[in-house]
Structure formats: structure tokens, C-alpha cells
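Chains as they are written, first to last, in this note's numbering: chain Z, 3 to 282; chain L, 3 to 282.
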């Protein structure tokens, strides 16, 4: 996959790519077997929190309709204390639907026991990364667990009102000298509300950027509201350009938090807009 | 509006535009009073046929949710034989919702009486353009009506299976020497299925291009299926580039024909993708 992505990126989706891959938006193509999502250089996903009001079956149906295949599974769909049998059942359900559980979280960790539980859960889930918020005093212990398990920790920032990690810098400054498997899940909405440009943050912290929660917000202000991607104040062309510049190889997961009782239209508009920016 | 559009287009949405207009995707902007749709250089709309299964109130609600404000009103929402009073009521309902009835149609005309009815309907509606399909033997009579009323006729093509106007060329060749108010509504999906690239058609027939029905299809083949914009085979970056090259000043109306009983998600994805292409 990485080779194909690099090839597409480097080719600028031009003649060379079209000659090799039959469906890169060349207008004379006559097959539609590869979806836009599958050939994108920056694959999209969903942060499980987007589906807060929906059970897993309904969430899967929504993802299938949107053609998005990567999911960061949230605990309300799969409790942290689940048995291996339960986890295997959910994994099979996702796999049968063509959905890749690429990580878990966001998981909050306020004690060593919670850290232990998160890593055990990740091991049982078979994922190589946790998106989490370990309290700062637990970072050294978290690093020990990373070393012991080879499971990465992507720490999620939460905006100007957050006591722990308002912006990506608050994460980065604490983990930059730790094991390289300690890193960031940058939430670009919270980042922007904290006064930081996402297109700058992903470059500044590229060596520790493991995951992304993408969204749009109405303004660079603490009290800004979430909104469909493309309608807000975040500069997505600049953001995507920065991701390509740093050769970001992770997932860009939409965390959609508007209209949470009826989010499908807003999710679809967001997915469409991001795909348009990728292609435009 | 035209001046602002030209300004945005010419500025490349750069520093100069940002200094004058506060919300052109510049990341530090702190107001969201102007929506993405409103500042687009190529304004979007909907072809009324998209809402075949919905009454006008539900259609309006869907358009408001999607932030799209231009509508080509179809007769199932406002019958061709409506009284002026009925028409005025519908116009007020649309205006109250912030929706601009910018044209009517598609209207099929197989007799002189049908042509007369269409122009009378347009006059009552207060629109300056009809999107229609007059039979070829009625084109001379249609031209007379155009001259008499100063209402433009945008003739809609319908794809390879159509006996009258399969592709834009079949329209253009018949009207190119007629009154300049005789022109085209190019349906890019039917055009593509007919083996013609939309990005070429809009350039070739730019002097008579009045309206657009935009959509995506799975392949350049007669039996291709409609699909969410961005998932199909039409090259939207090339298409938008061509529209900017010819300085297209009309509306780009989505005609969404997939999942017609439950189209909102697909419409939203299509709107988002087109906006992303415009911004990308």
C-alpha cells in the first residue's frame, strides 16, 4: 500500500499513474472497481466517538455507505474489560464488513491500573497503537508499557479548556525525549481552537505524529463550534499539503461531533470535501 | 456577485482576498458568517429532479441542511398549469427559506402548445431561463418565443439512448446559428456516457452554455450507473478547471439520481466533494 501511495503522490495522479492504475480520475476510464477512498494517498477513517449515539451495527452501515474503511474503535462499542471472545467476535464483525480496526480509543488513563488495562485491551484487540490520554504523571509508566509491549501510544490533545494537553505542543514537550513509540494523535479542531495552525503542528511534530482526528470548527477561538469539514475556518488545502510534505503514512480519521443524533449527512459532506481536497 | 467571483478567481484566494473578505479559508479567521457555498467562485444548485420523492418542504429542508441555495424548480413541485397565485406562494416559500428559484425544468415540449405553456410558466415564475427539451421540429418556434419574451432556452441532453439530443453537440449543431439566447444545459453524466468529456464540451460550446447538471457516473459507457460525485469516472478537477477557463458564470446544479428514496447522504457527499475540488 505504501508503495502505491507514494507512486500516486509522486506521479501527481497524471499520465504515468493512469497508465498503471485504471481509475485515478482519468475521464476515459471505464471501470469503477476501485473506490476513491481506496486509491487516496491519505486514507481516511473514523474516530469511534463520532458514532456515540449508534450501536456498532448501525455505525458499520454508515461507514459502508460512506466508503470509509478504517475505524478507531471506541469503548462504548467494545468495553475495555471485554473478554478475548467478545473482542474476537467484534473483530470478525468488522472484518466481515470490510472495516479495519486500526486502533482503539480515545482511552483516558488516570491510574497505573488504567494504563495496564489499556495495553491489555490493545493486545487482545491485536492493534499496534492506542489513542489515549494518560495523565502526565503516568507518562513514564506508559513508556515502560510501550517498551514492554511494542504497542505505540498516540496521545490526544483536547483544546484550550483541557487541563492536561490543550495543544499538540503540550504533548510533544513531555514525550519528545521518550521512546520513539510515544507520540501524538493530533486533533486538528482542538488544536485550531488552541490557536495553533494544524498545517504547522503536523510539520513541527512530524517525527511523533501517529494519528489524526480531523474535523472543522467555526473559528480560531476557544468557544468555536464544530461544523461540517469545509464550512469552517480550518485551511484544508494547506493541511493536506503539509501532510503530503511530511509524507504522513497514517490514517486521517474524521471525528464528527455535530448533529450527533443524525450525523450521516454531515459525515458524508465531510468525507466528500476531504476527498475533493485530496483530488483537487 | 460577478465582481466578487471574478475577484476571488483572479486572486487565487490568496493574501489580497483574505484582506478584503474575512472567510476565504484563511486559517486565522475568527468569523463564520459567510458560508463556504456563498463565497464559492462557481455557485452550486440543485436540479429539482433530485427531489422526485420529496415534497417541496422536505426538499427545502434538505437544501438548507446542505447549504445550497439555487434550485431549478421541477414541475412535480409546481405544476406547469399553476395559477399566478400558486406560483407566487411557492416563490415566497422558497424566498423565505433563502432559496433562489434560478430556473425551471427540465420541461419536455412535444407540441407548439407545450412550448407556449413553458414560456407562459417561465413568465409567471419570473425566471429568465427555461431548461427544456423542445422537439427538434419545434426549435424554430422556440426561437420565436425566445425573441418575443427575452427568456433563454437551455436545452438539456440526455445520453446515448436519447433519440433527440444524446450529447451537447446534438443540441449545439442545431442552435448555433439561432438567436444567442438559444443554448445548452449540459448534463455532464449523460455527456460522459455518450463518450464526450465534460471538460471538453463546456469549452467547445462555451458561447451557448447557460446551465449545468452535474453528477458522476461509474464509467464512460451507455449502461454506466449514477454515483456520488467523486466516486465515479468523471474528472472533476479537469472539469472545474475548464469552467474557470471559460469564466462560466452560471450555476452548477447537482442532479442526484442515486438512492432517490434516501438521497441526503449521497447529496451531501457530492456537495462536499465539489466544494473540495473548488477549494483544492
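Ideal Cβ placement from N, Cα and C applies to all residues, glycine included.
Per-residue contacts from residue i into chain L (C-beta, under 7 Å)
i                     : result
residue 272 (chain Z) : 274
residue 279 (chain Z) : 278, 281, 282
Residue i classed as buried or exposed, judged by whether at least 16 other C-beta atoms fall within 10 angstroms
i                     : result
residue 213 (chain Z) : buried
residue 183 (chain Z) : buried
residue 81 (chain L)  : exposed
residue 203 (chain Z) : buried
residue 272 (chain Z) : buried
residue 233 (chain L) : buried
residue 263 (chain L) : exposed
residue 210 (chain L) : buried
residue 2 (chain Z)   : Only positions 3 to 282 of chain Z appear in this structure, which leaves residue 2 (chain Z) out of reach.
residue 57 (chain L)  : exposed
residue 43 (chain Z)  : buried
residue 201 (chain Z) : buried
residue 87 (chain Z)  : exposed
residue 277 (chain L) : buried
residue 169 (chain L) : buried
residue 139 (chain L) : exposed
residue 112 (chain Z) : exposed
residue 255 (chain L) : buried
residue 237 (chain L) : buried
residue 72 (chain Z)  : buried
residue 128 (chain Z) : exposed
residue 74 (chain Z)  : buried
residue 91 (chain Z)  : exposed
residue 268 (chain L) : buried
residue 156 (chain Z) : buried
residue 50 (chain L)  : buried
Under 9 Å from the C-beta of residue i: neighbouring residues of chain Z
i                     : result
residue 266 (chain L) : 266, 267, 270
Residue-chain proximity (residue i, chain L), Cβ-Cβ < 9 Å
i                     : result
residue 50 (chain Z)  : no
residue 230 (chain Z) : yes
residue 173 (chain Z) : no
residue 31 (chain Z)  : Summary for residue 31 (chain Z): the model assigns pLDDT 36, below 50, so the residue's position carries little reliability; its value from the coordinates is reported in the next sentence. So, interface residue.
residue 258 (chain Z) : no
residue 242 (chain Z) : yes
Closer than 9 Å to chain Z by CB, residue i
i                     : result
residue 246 (chain L) : no
residue 128 (chain L) : no
residue 125 (chain L) : no
residue 55 (chain L)  : no
residue 204 (chain L) : no
residue 163 (chain L) : no
residue 117 (chain L) : no
residue 135 (chain L) : no
residue 23 (chain L)  : For residue 23 (chain L), the predicted model reports a pLDDT of 34, less than 50, meaning its position is unreliable; a value from the coordinates is still stated below. With 9 Å as the cut-off, residue 23 (chain L) does not count as an interface residue toward chain Z.
residue 108 (chain L) : no
Quiz item: Quick one: any contact between the segment 113 to 120 of chain Z and the segment 92 to 105 of chain Z, if contact means 3 or more CB pairs under 8 Å?
Solution: no
Quiz item: Pairing CB atoms from the segment 244 to 252 of chain Z with CB atoms from the segment 216 to 234 of chain Z, are three or more of them under 8 Å?
Solution: Flag = no, the segment 244 to 252 of chain Z and the segment 216 to 234 of chain Z do not touch.
Quiz item: Can at least three beta-carbon pairs, one atom from the segment 156 to 170 of chain L and one from the segment 195 to 211 of chain L, be found at a separation below 8 Å?
Solution: yes
Quiz item: Whole alpha helix (DSSP H) runs in the segment 169 to 211 of chain Z with 4 or more residues, listed along the chain?
Solution: 170 to 177, 190 to 195, 200 to 206
Quiz item: Below 8 Å, can you find three or more Cβ-Cβ pairs linking the segment 56 to 74 of chain Z to the segment 136 to 148 of chain Z?
Solution: no
Quiz item: Mind pulling the alpha helix (DSSP H) runs of 4 or more residues that sit fully within the segment 238 to 263 of chain L?
Solution: 238 to 247
Quiz item: Which runs of the alpha helix (DSSP H) spanning at least 4 residues fall entirely within the segment 89 to 172 of chain Z, listed in chain order?
Solution: 114 to 127, 141 to 151
Self-check item: Cβ contact check for the segment 100 to 110 of chain L and the segment 128 to 138 of chain L: 3 or more pairs under 8 Å
Solution: yes
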